[in-house]
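> Please see the structure below; I have some questions.
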Amino acid sequence: MDARRKLAITRGIAGLTLLFFRPYHRMLSPMADSFYHPRPRVRFAPSPTGFLHVGSARTFIFNWLYARHHGGTMILRLDDTDVERNTQASLDSIFEGLKWLNLGWDEEYKQSERLELHRKIAWSIFEKGLAYRDFTPAHAGDAEKSGVQGTWLFHAGARELAREESDRRAAAGEPFALRFRVPRPAGPEAGETGVRGGPPPSPARDAAEGAVRFAPGKLCVHFTDAVYGEQVKATDDIEDFALLRSDGMPTYHLASCADDADLRISHVIRGQDHLTNTFKHVLIFEAAGFTPPQFAHLPLLVAPDGTKLSKRRHGPVVSVTTYRDAGFLPEALINFLCLLGWSPKNDREHMSLEELKDAFSLAGINRSNAVVNFKEASAGSLESASQAEVIPSTGAAGERKPLPAGTEIFDPKALWLNAEDIRGLAVEDLSARLLPIMRAAGYRVSPEKMLQITPLVRERIKLLRDVLTAADFFFVVQLPPYDPAELIPQKGDTAMALKVLQKAQTILSTVEFRHDPLDRALRAAAPELGVKTGQMFQPIRVAVCGRKNAPPLFETLVVLGRDTCMERVAQAMKTLERPWA
RNA sequence: GGCGCUAUCGUCUAGGGGUUAGGACGGAAGAUUCUCAAUCUUCAAACCCGGGUUCGAUUCCCGGUAGCGCUACCA
């Protein structure tokens, strides 16, 4: 931990003690304090403009963990103020993903149902003179901006427009956007709340003195991030951002802050892509008369190529439902995601939800982006990805249904964690999860048989879906064709294979079909034939399973039953005798 | 372009003014087993670069570089 970080934490503690000297009325006000939260209120606020990807899922998880760790409240808020881009499919994808994660939340809101509140707050800021109408048509700033060096600040003439003139044009029905009047150092602007000097920065000071302070020659906005520490930005680098669009809809910044204040959110835990937006948010909170919440920004999740996760570039590997459909256990995905950008700092990695909840703290969060080490999409899927661009998407948020086959596209650590969790499941539990997968693939399978097979595949699958390739031979009537050469044992030949299978046939026809008798009889046959045990077992295994790599032989034979085994051995002998047929 | 954030094995990370820089996944080798898997053992693998500060920097400071983010009437 570096000095800066230590400082921030120490200050947090100092702030806590400070609290007890606070006036009582301040403790009762809705946003009384940004650090003293016996019962924190946190929110996950996705906007339904795309499917739920793993980065969003991690944000949800961290918020949830923080709330549960401290006995607080988890809130789901749909930030759906961008009517143009919202889709029902995206909304469905978000709920589908969150439902599968199975963590739950305590309260739920939709921004589109709270527009009155947003507007009320926007106009209250306007009434204080801290916002103004901008009649410049939308996007007119682009041309102006392109040639300009540095940050674009505001449209010429808009900010200075007299109130009477502004009111007159608005009354005449001229469209306008409402912009925040970011305090500027030069000129007697209204609403400057800065103070000079004072104690060192801290959440306590941010709350007590206001975030806008004078520095030599400029005005600066301050806030203290629980992860990134003290943040300062000159107002000269913050443009007069919009609060209300010309259609009257609130912008993200306004709606988010208004709701965070109204819902008494104590901690805003979100992606680092909002770190620089936070200066604007702090400004809004202050202008509206609210104390800002405590902010904690999370390092971003990026693809192996270093770019941020996106469906278009990286395909379905970034969608939570892809993990579900591939046979991840939700607890494994959660565990994996927690390890990206956060560490319990004690070398523990495979952890239960309960353990994660106990161990979680904002102090364990890193500051650098983490790579989700999935394999880049193959040429084929890239093709379909570019097709998906031209064809208007109709599926769930544009997700492509066909799943990339196999386990090789996922981060190996996620797979390992999933395999660990699968092995940790009780046989009955695992079996119950495997059953619907087999059935969905068209196999007729009884719960009893599934229960018999589960222990045989448990240590051989990394994803639930792997059961389809690991256990298929238990269910098929006819084994899919395999290379007859597989039947020939190591350092053996066709003759040896035939000899073994012949012997096996006679043994299988009479022996009691239980593990121990089978083991004894078949093992004893090897020396009789003058072959090694391995040479004895391989042809039989391949004959009944249709492949070299399979679960232990005797257990497999028992599950398959005498008839199927006999039939398959006979079949194998036939193909060996007539390999060309 | 402006502003901001970040930089330890391939990946996720621990650590920190003096260490054999630790763990995990993945990789390699071996043990074990009827194959595979699981399990166990072992091995390879990292402090972005340049300046300072210091007896001593991978760690602290500055600069560079690179990556990422923001710079919308998107979120």
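Mind the numbering: the first sequence is residues 347 to 927 in this note's numbering, read in order.
Cβ atoms here follow ideal geometry from the backbone N, Cα and C, with glycine treated the same way.
From a predicted model like this one, the values you see are computed outputs, not experimental measurements.
1. Drop a sphere of 10 angstroms on the beta-carbon of Asn764, count the other beta-carbons inside from all chains shown, and report buried for 16 or more, exposed for fewer.
2. Straight-line CA distance for Arg559 to Ala435?
3. In terms of residues, what are the limits of the beta strand (DSSP E) holding Ile615?
4. Taking Gly575 as part of the alpha helix (DSSP H), name the residues at either end of that continuous run.
5. Could you compute how far the alpha carbon of Leu708 sits from the alpha carbon of Pro690?
6. Would Asp571 be called buried (16 or more neighbouring beta carbons within 10 Å of its own) or exposed?
7. By how many angstroms is the C-alpha of Ser698 removed from the C-alpha of Ala489?
8. Looking at the structure shown, is Ala570 part of a helix, part of a strand, or coil, going by DSSP?
9. For Pro850, count neighbouring Cβ atoms within 10 angstroms of its own Cβ and tell me buried if that reaches 16, exposed if not.
10. Comparing alpha-carbon positions, which option in Lys837, Trp446 and Phe859 lies nearest Lys878?
11. Within the region 797-846, note down every full alpha helix (DSSP H) run reaching 4 residues or more, in order along the chain.
12. Quick one: Cα of Val567 to Cα of Glu520, how far?
13. Starting from the N-terminal side, write out each stretch of the beta strand (DSSP E) that is 3 residues or longer and does not extend beyond the region 443-522.
14. Can you tell me whether DSSP reads Arg404 as helix, strand or coil?
15. Check each candidate in Ser792, Arg591 and Ala872 and name the one with the smallest Cα separation from Val905.
16. Sort Phe674, Glu677, Arg479 and Asp619 by Cα distance to Lys654 and report the nearest one.
17. Enumerate in chain order the residues of its own chain whose CB-to-CB distance from Glu585 is below 8 Å, with the five nearest sequence positions on each side excluded.
18. Of the choices Pro638, Ser470 and Leu814, whose alpha-carbon is the least far from that of Ala787?
19. Cutting at 6 Å between CB atoms, please list the residues of its own chain near Ser402, excluding the five before and the five after it.
20. On the premise that Arg509 lies in contact with Thr581, defined as a C-beta separation below 8 Å, what is that separation, rounded to the nearest angstrom?
21. Considering just the uninterrupted stretch of the alpha helix (DSSP H) at Phe883, what are its terminal residues?
22. Looking at Arg659: is its Cβ nearer than 8 Å to the Cβ of Ala649?
23. Return the bridge partner residues of His643 from the DSSP annotation.
24. Alpha carbon to alpha carbon, what distance is there between Arg785 and Pro827?
25. Report the rounded CA-to-CA distance for Asp862 versus Arg670, giving the unit in angstroms.
26. Compute the Euclidean distance between the alpha carbons of Glu766 and Ser665, then round it to the nearest angstrom.
27. Exposed or buried, what is Arg465 when buried is set at 16 or more other beta-carbons lying within 10 Å of its beta-carbon?
28. Give me the residue from Leu847, Cys684 and Gly710 with the minimum Cα distance to Val717.
29. Could you compute how far the alpha carbon of Leu780 sits from the alpha carbon of Arg389?
30. Please report the residue range of the alpha helix (DSSP H) in which Thr395 lies.
31. Which word fits Ser714, buried or exposed, when buried means at least 16 other C-beta atoms lie within 10 angstroms of its C-beta?
32. For Ser665, which residues does DSSP report across the bridge?
33. List in chain order: all unbroken alpha helix (DSSP H) runs of 4+ residues lying wholly within the region 672-715.
34. Would you give the residue range spanned by the beta strand (DSSP E) that Thr419 belongs to?
35. Compare the C-alpha of Gly617 against each of Met595, Phe641 and Pro596 and name the closest.
36. Figure out for me which residue from Glu832, Leu424, Ala523 and Val578 has the closest Cα to the Cα of Asp593.
Well, looking at it:
1. Around the Cβ of Asn764, a 10 Å sphere holds 16 or more other Cβ atoms; the residue is buried.
2. Approximately 45 Å, taken between the alpha carbons.
3. Following the DSSP letters along the chain, one finds Ile615 inside the beta strand (DSSP E) bounded by residues His613 to Gly617.
4. Element bounds for Gly575: not the alpha helix (DSSP H) but the beta strand (DSSP E), Gly575 to Ala580.
5. For Leu708 and Pro690, the distance between alpha carbons rounds to 10 Å.
6. Around the beta carbon of Asp571, 16 or more other beta carbons lie within 10 angstroms, which makes this residue buried.
7. Residue placement at Ala489 is poorly supported in this model, since its pLDDT is 45, which falls under 50; the coordinates still yield a value, given next. Distance between the alpha carbons of Ala489 and Ser698: 54 Å.
8. Residue identity differs from the one stated: residue 570 is Thr in this sequence, not Ala. The answer is strand: DSSP assigns Thr570 an E or B state.
9. Looking at the sequence provided, one finds Ala at residue 850 rather than Pro. By the neighbour-count rule (16 or more Cβ atoms within 10 Å), Ala850 is buried.
10. The residue with the shortest Cα to Cα distance from Lys878 is Lys837.
11. Counting only runs of 4 or more, we get 813-816.
12. Cα to Cα, Val567 sits roughly 33 Å from Glu520.
13. DSSP runs (the beta strand (DSSP E)) wholly in the region 443-522: 453-456 and 477-480.
14. Here Arg404 sits in helix by DSSP.
15. Per the Cα distances, Ser792.
16. Ranking Phe674, Glu677, Arg479 and Asp619 by Cα distance to Lys654 puts Asp619 first.
17. For Glu585, where only same-chain residues beyond five positions count, the Cβ hits under 8 Å are Thr497, Trp498, Leu499, Phe500 and Val528.
18. Selected option, being the one with the closest Cα: Leu814.
19. For Ser402, where only same-chain residues beyond five positions count, the Cβ hits under 6 Å are Pro392.
20. Rounded, the Cβ-Cβ distance is 22 Å, inconsistent with contact.
21. Unbroken alpha helix (DSSP H) run through Phe883: Thr879 to Cys891.
22. Note that the C-beta distance between Arg659 and Ala649 is below 8 Å.
23. Partner(s): Arg616.
24. So the alpha carbons of these two residues sit roughly 23 Å apart.
25. Rounded to the nearest angstrom, the two C-alpha atoms are 39 Å apart.
26. Rounded to the nearest whole angstrom, the CA to CA distance from Glu766 to Ser665 is 22 Å.
27. By the neighbour-count criterion, in which a residue is buried when 16 or more other Cβ atoms sit within 10 angstroms of its Cβ, Arg465 is buried.
28. The shortest C-alpha separation from Val717 is found at Cys684.
29. Approximately 34 Å, taken between the alpha carbons.
30. Segment: none, Thr395 is in no alpha helix (DSSP H) and carries neither H nor E.
31. By the 10 Å Cβ count, Ser714 comes out exposed.
32. Partner(s): His399.
33. Every unbroken stretch of the alpha helix (DSSP H) spanning 4 or more residues and falling wholly within the region 672-715 is given here in chain order: 676-684 and 699-705.
34. For Thr419, the uninterrupted beta strand (DSSP E) run begins and ends at Thr419 to Leu424, by DSSP.
35. Gly617 has its Cα closest to that of Phe641, out of Met595, Phe641 and Pro596.
36. Comparing Cα positions, the closest option is Ala523.
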